[in-house]
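Novice: Below is one structure. I have some questions about it.
There are 2 protein chains.
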Amino acid sequence: MALEQNETPAARSGASRVMAILDALAAADPAVFPDGLSVADVARAVGREKSVVSRQLRSLLETGMVARRDSGRYELSWRLFALAVRAGDQRLTKLAAPLLLRLTETVRERTYLSVLSDGEVLTVLSEGSRRSIEAVNWVGRTIPVHRSSSGMALLMDYEDEHILDMVRRGGSGVSDREARDFLAQVQEARRRGYTVANRIFDPELLGIGAPVRDFTGRVSAAVNISGPAFRIEPHIHAFGGHLLSMVRALQASLGSDVRPYAETGDL
Amino acid sequence: MALEQNETPAARSGASRVMAILDALAAADPAVFPDGLSVADVARAVGREKSVVSRQLRSLLETGMVARRDSGRYELSWRLFALAVRAGDQRLTKLAAPLLLRLTETVRERTYLSVLSDGEVLTVLSEGSRRSIEAVNWVGRTIPVHRSSSGMALLMDYEDEHILDMVRRGGSGVSDREARDFLAQVQEARRRGYTVANRIFDPELLGIGAPVRDFTGRVSAAVNISGPAFRIEPHIHAFGGHLLSMVRALQASLGSDVRPYAETGDL
DNA sequence: GGCAAGTGGTGCAGAAAATGCAACGCCATG
DNA sequence: CATGGCGTTGCATTTTCTGCACCACTTGCC
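The listed protein sequences correspond, in order, to chains E and P. So for the first sequence, the numbering used here puts the first residue at 10; every next one is plus one. So for the second sequence, the numbering used here puts the first residue at 10; every next one is plus one.
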């Protein structure tokens, strides 16, 4: 299915005329049209006069929405990509804040939003429950990647070899056994959807984490719940579900329709 | 700089009106507008009647390019992100990402993948000591072609006259001497295989770049390493070698057997 | 309360587009 | 050298958009 008649019923407004063309360019299978689409290709796809399409494409070219290859064929331009990246990136913390708060209120434990920074886990946002004891403010601090549920989540998409590399390089005195344990945890998390760090960072702490993917599908951040192991341990599965549905909501507002790994279905 | 009058001279066609609005929504500083932009905000940003903007936004809303928050304010939406993942060269970004990560881990400096977009250098991917959120994120932004090692790499195959043209056209106040210096750098890079921008973009930054060629031999992207000059300067030759071998691997996976300019042999 | 300012949205006549047809030059292919 | 597909343009007609005035509503502020 490379090209198809996009007979949108309400295809009358100017914006949807533009959209029809952009959609046609986006829907083109790069394997079938490796060099972009010609004016005639687009005209067939949207079911319009080639003269109309020709003029519209020129207009889109001027605005930078589409680009023209050497061959004269058209494709969506990098500028669209840039637009989305800027918009998606800026919104991470803003959109995460209310969702994080809601998650905290649900699980009654402290929650965190982190990103990978220089091979370590950097906490950028945190919401606490009144109930929790810890007064430590983690925002702005980093912890080694191998010692948290967020670290596992942030490395989730990396190749196994890479994960071992990063873990070994991250901590100074990381034993081989530790690294392999970490990898095993990540592998299990890939199936389950969320990571669990049971008494790893601290003998009394338990963390549950999940990766946040941006619109390109890359893991750009991680959300985790952390608290006393004795309190969280009985609810790991339930909390994991809450975490996944929170991440799903966050990704939706970030423009990502990528679903978390191994959707469990429960929530 | 949150909102500004985008008085594009050729802002008459329907498509550019749409683009202006999308630009305004993407460029809005989330710190200033945490909840999206109102109709009036957008109208001010694009310098048009609010009635026009109101109608246009509704149209964009119907197509799914923008979404409306509970507050009634607008933000970019899923349709744009869906288009964006299809924009540019998906093969390139997908294949480059892991290689870029490995390069970063080897040289321990931030690395970038850029393309030429509308006469400027657009950063598409970045790996390395990752964005600490508040740190400037370059992905999605453009810089003038004459101020980076990537710019040099992207223009490497053009004729000298053409390079001077593009440099002079790119920056508004580019001196003749600057342009000629740039050209000299490019000519040296052609012999060496990789470009070096020593304290050009910033008095303390040093960049090393290399062009990425597609199977036709055309330069379609550039990879560069950038960081503090004092830290990189002693390793220019070694880093250049690493860069070239990374680019070679990338080109191989892109289906290109074109060898980089002036293969140095080392790696 | 009540005023003022700001907001999103609508109706309408004139202004400014897009539309579709035909035609042109162009490049391949047979 | 004819053929067919391509991208583009001229032009009269149609359609849409524009900008103004105006309305209804909310917000902040005496």
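Using N, Cα and C, we set each Cβ at its ideal position, and we do this for glycine too.
Going by the CB atoms, is the gap between residue 246/E and residue 112/E shorter than 8 Å?
Specialist: No, they are not a contact pair.
Novice: Once you ignore the five residues that flank residue 63/P on each side, which residues in its own chain have a CB closer than 6 Å to its CB?
Specialist: So the qualifying residues of the chain are 48.
Novice: Out of curiosity, what's the CA-to-CA distance linking residue 124/E and residue 169/P?
Specialist: The alpha-carbon atoms of residue 124/E and residue 169/P are separated by roughly 43 Å.
Novice: What does the alpha-carbon distance come out to for the pair residue 68/P and residue 232/P?
Specialist: Using only the alpha carbons, I get a separation of about 39 Å.
Novice: Where are the alpha helix (DSSP H) runs, 4 residues long or more, that stay fully inside the region 166-190 of chain P, in chain order?
Specialist: 169-179, all fully within the region 166-190 of chain P.
Novice: Within this structure, are the beta carbons of residue 34/E and residue 83/E separated by less than 8 Å?
Specialist: Yes. Within cutoff.
Novice: Chain P partners of residue 120/E, CB-CB under 9 Å?
Specialist: Simply none; closest approach about 17 Å.
Novice: Please determine if the region 235-244 of chain E and the region 210-219 of chain E are in contact, where contact requires at least 3 C-beta pairs separated by less than 8 Å.
Specialist: Segments in contact, yes.
Novice: What does DSSP give as the partner residues of residue 219/P in its beta bridges?
Specialist: Beta-bridge pairing links residue 219/P to 232/P.
Novice: Give a yes or no on contact between the region 180-190 of chain E and the region 118-135 of chain E, applying the rule of three or more CB pairs nearer than 8 Å.
Specialist: With the cut-off at 8 Å, the region 180-190 of chain E and the region 118-135 of chain E do not touch.
Novice: Taking 8 Å as the CB-CB limit, is residue 261/P close to chain E?
Specialist: So, not an interface residue.
Novice: Residue 88/P and residue 73/P: beta carbons closer than 8 Å?
Specialist: In this structure, residue 73/P lies closer than 8 Å to residue 88/P by Cβ.
Novice: Residue 90/P CB to nearest chain E CB: under 8 Å?
Specialist: Yes, residue 90/P lies at the interface with chain E (some Cβ there is under 8 Å from its Cβ).
Novice: Taking 8 Å as the threshold (C-beta atoms), are residue 206/P and residue 158/P in contact?
Specialist: Yes, they are a contact pair.
Novice: Distance, Cα to Cα, residue 50/P vs residue 191/P?
Specialist: Residue 50/P and residue 191/P: Cα-Cα distance of roughly 41 Å.
Novice: Can you check which of these residues, 178/E, 164/E and 243/E, is closest to residue 221/E by C-alpha distance?
Specialist: Answer by Cα proximity: 164/E.
Novice: Compute the minimum distance between the beta carbon of residue 263/E and the heavy atoms of the ligand ZN, and state whether it is under 7 Å.
Specialist: Judged by which ligands are present, the structure shown has none, so any question about the ligand ZN falls away.
Novice: The beta strand (DSSP E) spanning residue 123/E covers which residue range?
Specialist: Here the beta strand (DSSP E) through residue 123/E covers 119-126.
Novice: Looking only at its own chain, which residues have a Cβ that is under 7 Å from the Cβ of residue 256/P, when we skip the five neighbours before and after it?
Specialist: Here the set comprises 219, 221, 232 and 269.
Novice: Pull the bridge partners of residue 84/P from the DSSP assignment, please.
Specialist: Its beta-bridge partners are 76/P.
Novice: Go ahead and pull the three-state DSSP assignment for residue 264/E.
Specialist: Coil, per DSSP.
Novice: Relative to chain P, which residues along the region 63-74 of chain E have a C-beta separation below 8 Å, given in chain order?
Specialist: Listed in sequence order: 65, 68, 69, 71, 72, 73 and 74.
Novice: Would you tell me roughly how many angstroms separate the C-alpha atoms of residue 81/P and residue 46/P, rounded to the nearest one?
Specialist: Rounded to the nearest angstrom, the two C-alpha atoms are 9 Å apart.
Novice: Output the boundary residues of the alpha helix (DSSP H) element that contains residue 241/E.
Specialist: Run containing residue 241/E: 238-241, per the alpha helix (DSSP H) assignment.
Novice: Going by Cα to Cα distance, which pick from 223/P, 133/P, 224/P and 204/P is closest to residue 86/E?
Specialist: Here the closest residue by C-alpha is 133/P.
Novice: If you follow the beta strand (DSSP E) that residue 37/P is in, where does it begin and where does it stop?
Specialist: Premise fails: residue 37/P is in no beta strand (DSSP E) and is neither H nor E.
Novice: Reducing DSSP to helix, strand and coil, say where residue 209/E ends up.
Specialist: Here residue 209/E sits in coil by DSSP.
Novice: Are the CB atoms of residue 66/E and residue 259/E nearer to each other than 8 Å?
Specialist: Not a contact, by the Cβ cut-off of 8 Å.
Novice: Under 8 Å between C-beta atoms, does residue 87/P make it to chain E?
Specialist: Taking Cβ atoms only, chain E reaches closer than 8 Å to residue 87/P, which makes this a yes.
Novice: If you draw a straight line from the alpha carbon of residue 229/P to that of residue 28/P, how long is it in whole angstroms?
Specialist: Between residue 229/P and residue 28/P, the C-alpha separation is close to 25 Å.
Novice: For residue 103/E, return the contacting residues in chain P, with the cut-off set at a CB-CB distance below 8 Å.
Specialist: Here the neighbours are 39 and 43.
Novice: Take the Cβ of residue 155/E as the centre, count every other Cβ of all protein chains shown within 10 Å, and call the residue buried at 16 or more, exposed below.
Specialist: Residue 155/E should be labelled buried.
Novice: Under 8 Å between C-beta atoms, does residue 28/E make it to chain P?
Specialist: Yes, residue 28/E lies at the interface with chain P (some Cβ there is under 8 Å from its Cβ).
Novice: Name the chain E residues whose beta carbon is nearer than 7 Å to that of residue 95/P?
Specialist: Within 7 Å Cβ-Cβ: 35 and 85.
Novice: Using CA coordinates, which residue listed in 171/P, 119/P, 241/P and 166/P is at the minimum distance from residue 147/P?
Specialist: Ranking 171/P, 119/P, 241/P and 166/P by Cα distance to residue 147/P puts 119/P first.
Novice: Here's a check: name, in chain order, each residue in its chain whose Cβ is nearer than 8 Å to the Cβ of residue 150/E, leaving out the five neighbours to either side.
Specialist: Result list for residue 150/E: 131 and 132, in chain order.
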